[in-house]
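In UniProt numbering, the protein residues as written are 1 to 836.
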Amino acid sequence: MTARPLTPREAALAGLLHDLGKLAQRAHPDETALRDAYRGQDFQGLEAALLPSGEHGRYTHRHALWTDFFFETVPAHWPDGLDLERLRGAAIRHHKPACAEDWIVAEADRLASGLERKKRDEEAEAAATGRAGFREAELVALVPRLDLGLGAPPAQAFRHAAEPLTAASLLPTSPQPGGQAERLRRLWDAWCEGWQGFALREGLPAYRFEQSLIALSERLLWAVPSSTVDQPDVSLHDHALAVAAIGSALAAFHAAAGDWAEASIRNRRQPKFRLVALDLSGIQSALFRLAGSSGAARVLRARSFLIAELVASAVQAVRERLGAPAASVLISAGGKAELLVAATADLEARLEDARAELDRWMIAHWQGDLALNLAASEPFPATVFEERGRGFPAVRAGLAARLEEAKHRPFQGWRSGGPDFVGTGVIAAPFGADGACVTCGVRPAVVQTALDGASRCVVCDAAYRFGQRLPKVQGFALVDHAAMDGEDAAAETVPMPFGFALVPWLARGAEAKRTVTFDVKGDAGSALPRPKAYVPLIDDPEAPRYRALGLDARGTLEAPPEAGDLMTFAHIAAEALEEDEHGGFRGRALLGILKADVDRLGQIFTRGLGEDRSPARTAQLSRLIDGYFARRLPALLERAFPATYTVYAGGDDLLLVTPWRHALPLALELREDFSAFAGGNPNLSLSAGIAFVHPQHPIALAAAEAEEMLEGAKDAGRNRLGLFGRALSWAEAKATLVLAEALDSALRDESLPPTFLHRMRGFAAMRDRVGTDSERSGDRAWAARWGYQRARFLDRAKREAREELAQLLDRAVPPPGVAVEADTEIAMTIALWRNR
1 MTARPLTPRE AALAGLLHDL GKLAQRAHPD ETALRDAYRG QDFQGLEAAL
51 LPSGEHGRYT HRHALWTDFF FETVPAHWPD GLDLERLRGA AIRHHKPACA
101 EDWIVAEADR LASGLERKKR DEEAEAAATG RAGFREAELV ALVPRLDLGL
151 GAPPAQAFRH AAEPLTAASL LPTSPQPGGQ AERLRRLWDA WCEGWQGFAL
201 REGLPAYRFE QSLIALSERL LWAVPSSTVD QPDVSLHDHA LAVAAIGSAL
251 AAFHAAAGDW AEASIRNRRQ PKFRLVALDL SGIQSALFRL AGSSGAARVL
301 RARSFLIAEL VASAVQAVRE RLGAPAASVL ISAGGKAELL VAATADLEAR
351 LEDARAELDR WMIAHWQGDL ALNLAASEPF PATVFEERGR GFPAVRAGLA
401 ARLEEAKHRP FQGWRSGGPD FVGTGVIAAP FGADGACVTC GVRPAVVQTA
451 LDGASRCVVC DAAYRFGQRL PKVQGFALVD HAAMDGEDAA AETVPMPFGF
501 ALVPWLARGA EAKRTVTFDV KGDAGSALPR PKAYVPLIDD PEAPRYRALG
551 LDARGTLEAP PEAGDLMTFA HIAAEALEED EHGGFRGRAL LGILKADVDR
601 LGQIFTRGLG EDRSPARTAQ LSRLIDGYFA RRLPALLERA FPATYTVYAG
651 GDDLLLVTPW RHALPLALEL REDFSAFAGG NPNLSLSAGI AFVHPQHPIA
701 LAAAEAEEML EGAKDAGRNR LGLFGRALSW AEAKATLVLA EALDSALRDE
751 SLPPTFLHRM RGFAAMRDRV GTDSERSGDR AWAARWGYQR ARFLDRAKRE
801 AREELAQLLD RAVPPPGVAV EADTEIAMTI ALWRNR
């Protein structure tokens with residue numbers, strides 16, 4: 001039988017919704033609501049049409065009925081151009097296809113999780129004794145189960161309860177028996193409400209409809225297990241997204257081939273698929289290219305945001321040129337993305353056209369500072385997905401090699417018709433009368449920014465303008481640049497590749513390509529909810545600590561700061577000052593630059609999942625790790641370290657600017673929280689580096705110094721913290737902070753003079769140098785000389801304080817042969833800096 005073609009977007013939507021019945025089924029205590037919905041209809045006929053029979057003659061896969069229940073009972077204004085009958089049929093008949101086109105989603109469902117068709121799960125669903133059990137099953141947490149052979153993963157069973165995606169729910173917990181059915185009921189109600197927020201909007205284009213559906217699925221289905229018995233560690237969202245990606249690629253392939261025969265669709269040996277990757281290179285150098293420190297905080301935050309949006313816009317444009325729907329994006333994090341597309345004959349030509357247009361835009365705007373690299377895998381057959389995806393990692397490895405090759409030959413689309421250019425970096429361009437851009441200092445100034453009248457290059461002008469709005473804006477939209485008319489529109493517009501532009505407001509009508517809201521708690525409607533990177537805002541511009549440093553309205557040479565403005569780096573440094581008993585301030589107004597990333601991330605993806613590396617599981621792991629930095633970190637900063645500025649956080653790394661005395665506590669809190677996210681799994685760890693700098697220190701150099709500290713921590717064995725040129729284990733770092741706090745208290749109550757603490761630091765340094773290449777003459781006499789100084793000091797101390805002081809001195813400068821828990825030199829330095 002030959003069916004009418006199912007479009008790639010219809011296949012994607014059917015794939016996204018095909019297992020929604022699992023949520024509806026688990027949310028209801030029995031089938032009363034289901035049968036009521038079909039009262040007066042041939043319910044038995046519907047069962048026969050949708051459900052296969054099990055070994056004992058009972059119908060199985062009853063969730064397919066509940067998927068149809070969703071279509072039947074939850075209203076929607078489906079976008080024009082979609083054939084709802086075909087879409088619905090493909091979604092509800094994925095276990096019992098009635099025609100060839102139904103096999104598109106049916107095959108995708110069987111392939112998505114590596115053919116892990118869960119017979120035990122299906123039997124439990126059908127059996128009377130299993131119904132309550134599958135309603136109580138929780139999602140097994142994936143991250144605590146990763147295994148690189150660095151230590152046994154925790155024996156404790158960690159779970160994610162069925163809750164909406166939040167910073168709190170990302171943390172795995174112990175099983176919570178007895179409450180899952182009620183949580184699922186609330187999720188079903190939330191799904192119906194969220195669905196109607198965009199699906200009842202008339203005139204919403206199909207591409208926006210799909211984007212909103214994916215966002216709703218991620219928010220509500222991320223912790224609902226797809227299977228409840230066999231493999232309850234893949235979420236319903238990630239399974240559905242994998243089905244949508246595979247199904248849309250199958251539909252596109254067979255549409256291009258003009259072959260919709262069932263045998264052809266079910267042929268798994270024919271190469272029908274390709275992976276396409278995008279990777280942004282040059283991020284660090286482009287991000288920190290600043291001619292001075294004035295306004296750096298505002299420009300950096302906007303530049304980091306716009307660089308991320310550059311990738312998102314490019315991904316959207318490339319997949320549209322390939323005819324792929326939004327569900328084709330398997331992974332998108334940290335400046336990288338992977339798409340699953342059809343292996344059509346014209347794919348290479350389409351990629352070349354996209355590459356040429358993208359390269360020309362990147363040269364025109366970034367002048368070689370950033371490069372977006374494109375690569376595609378060899379065509380591969382569906383057999384790659386079989387046996388739980390064991391062939392899929394090999395395809396990804398081949399794609400990674402091609403992408404690495406593309407990085408070494410950037411701007412091929414631009415070079416093919418232009419000058420001979422090899423390498424990366426800013427490409428020389430003629431300077432006009434306005435000279436170099438005042439912000440980056442390397443690109444020609446071609447625009448006069450209306451906000452301050454300064455002359456800038458195109459990208460720095462956009463960053464300066466957008467940075468002014470970003471802390472307070474509610475959201476933004478991606479629109480066609482050509483549709484933006486007028487001076488007011490030009491002042492709000494940020495150009496993006498492929499004729500797109502960003503505008504900083506929540507929605508731009510149905511014609512917007514994408515709308516995003518930073519409100520992740522309320523009803524997003526058709527906008528895509530996205531957590532905003534945390535940045536600190538000024539509460540009181542006239543705060544005494546700011547006045548003390550001349551940062552208030554009377555002391556600043558620029559426009560006076562206002563409440564709600566973004567903190568400058570000078571304001572952040574001022575937060576390190578501590579009020580003394582006389583109403584003044586003590587300490588140093590310095591910054592701590594904290595850089596951290598996940599250890600062995602490449603191995604985590606290639607080995608951490610063991611033999612089970614299906615597309616759904618790989619995508620889920622990427623989303624969870626990215627979600628930690630993008631969602632959980634901002635909540636941690638807002639709660640415990642509110643004066644911290646996020647330069648970037650996402651993918652697997654972060655760069656933060658914080659008051660210097662907050663840097664070590666922040667690093668320790670971050671490590672503890674990340675360990676909790678991993679369930680204490682020794683195979684997933686974090687390394688970090690801290691640099692301490694003056695607020696006027698060039699941020700590019702500061703970031704490089706933090707990177708150097710991070711590399712030192714990794715070179716020392718990973719899972720460590722680098723600071724002051726040393727690599728400490730996290731236990732040593734914690735002991736160092738505890739000792740620094742004790743020394744600070746002694747300085748404050750004047751039982752320990754700063755002069756003597758300086759002397760102690762000298763003896764600690766002598767002790768540490770003994771036996772090393774840095775040993776100096778006289779270092780071996782440290783113990784005798786220190787013993788004399790210690791005794792004299794204690795003799796002069798108040799009698800009632802001597803015992804406590806003696807214990808503190810022995811912790812700070814332990815006697816010979818006593819193990820050193822803390823880095824005593826660093827602890828003393830911290831205490832002295834806090835009391836300057």
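The beta carbon of each residue, even a glycine, is placed where N, CA and C say it ideally should be.
Remember, predicted model here, so these are calculated numbers, not experimental data.
Buried or exposed: residue i, going by 16 or more other Cβ atoms within 10 Å of its Cβ?
| i | result |
| --- | --- |
| arginine 110 | buried |
| alanine 245 | buried |
| valine 818 | exposed |
| proline 225 | buried |
| residue 838 | Because the chain here runs from 1 to 836, residue 838 falls outside it and cannot be looked at. |
| arginine 39 | exposed |
| glutamate 378 | exposed |
| lysine 595 | buried |
| glutamine 180 | buried |
| proline 615 | buried |
| threonine 755 | exposed |
| serine 328 | buried |
| tyrosine 788 | exposed |
| aspartate 369 | buried |
| arginine 301 | buried |
| histidine 582 | exposed |
| serine 313 | buried |
With distance defined between alpha-carbon atoms, name the residue in the options nearest to residue i.
| i | options | result |
| --- | --- | --- |
| alanine 223 | Gly247, Ala181, Glu163 | Glu163 |
| aspartate 749 | Ala801, Ser281, Thr439, Glu705 | Ala801 |
| proline 410 | Ala371, Ala827, Ser751, Phe380 | Ala371 |
| glycine 725 | Asp715, Ala731, Lys734 | Asp715 |
| phenylalanine 498 | Ala733, Leu146, Val479, Thr515 | Val479 |
| leucine 451 | Arg443, Asp779, Gly467, Ala436 | Gly467 |
| isoleucine 331 | Thr7, Val657, Asp279, Ser174 | Asp279 |
| tyrosine 628 | Arg607, Thr618, Asp653, Thr644 | Asp653 |
| arginine 617 | Ser113, Leu23, Leu16 | Ser113 |
| leucine 832 | Arg718, Asp768, Glu578 | Glu578 |
| leucine 82 | Thr73, Glu107, Asp19, Leu6 | Leu6 |
| aspartate 461 | Ala199, Pro381, His365 | His365 |
| tryptophan 66 | Leu241, Gly21, Ala326 | Gly21 |
| aspartate 597 | Ala349, Phe674, Arg355, Ala155 | Phe674 |
Only counting the same chain, and skipping five residues up and downstream in sequence, which positions put a Cβ closer than 7 Å to that of residue i?
| i | result |
| --- | --- |
| alanine 434 | Note that residue 434 corresponds to aspartate in the displayed sequence, not to alanine. Answer for aspartate 434: Ala445, Ser455, listed in chain order. |
| aspartate 823 | Arg726, Leu728, Glu732, Thr736 |
State the Cα-Cα distance for the pair residue i and residue j, rounded to the nearest angstrom.
| i | j | result |
| --- | --- | --- |
| glutamine 620 | leucine 142 | 8 Å |
| glycine 453 | cysteine 440 | 16 Å |
| glutamate 357 | arginine 390 | 36 Å |
| arginine 93 | isoleucine 104 | 11 Å |
| residue 837 | histidine 63 | Here the chain comprises residues numbered 1 to 836, so residue 837 is not present and cannot be evaluated. |
| lysine 521 | leucine 340 | 31 Å |
| isoleucine 604 | leucine 752 | 48 Å |
| aspartate 626 | tyrosine 534 | 15 Å |
| serine 685 | alanine 394 | 26 Å |
| phenylalanine 43 | aspartate 36 | 10 Å |
| asparagine 267 | phenylalanine 392 | 18 Å |
| glutamate 387 | leucine 34 | 35 Å |
| alanine 463 | leucine 306 | 7 Å |
| alanine 297 | leucine 590 | 15 Å |
Near residue i, what residues of its chain come up, given a Cβ to Cβ distance below 6 Å and the 5 sequence neighbours on each side ignored?
| i | result |
| --- | --- |
| arginine 117 | Caution applies to arginine 117, whose pLDDT of 46 falls short of 50 and renders its modelled position unreliable; the model cannot decide the point. |
| residue 918 | The structure shown has nothing for residue 918, since the chain only spans 1 to 836. |
| alanine 14 | Leu87, Ala90, Ala91, Val105 |
| isoleucine 830 | Ala740 |
How many whole angstroms separate the CB atoms of residue i and residue j, which I take to be in contact at a CB cut-off of 8 Å?
| i | j | result |
| --- | --- | --- |
| aspartate 599 | serine 687 | 5 Å |
| asparagine 683 | leucine 171 | In fact, because the Cβ distance is near 18 Å, the residues do not count as touching under 8 Å. |
| proline 816 | alanine 783 | 5 Å |
Report all residues from its chain with a CB closer than 8 Å to the CB of residue i; omit the five preceding and five following residues, and keep chain order.
| i | result |
| --- | --- |
| alanine 53 | As written in the sequence, residue 53 is serine, which differs from the alanine given in the question. The residues are Tyr59, Thr60. |
| alanine 98 | Ala49, Gly89 |
| glutamate 669 | Leu636, Ala640, Phe641 |
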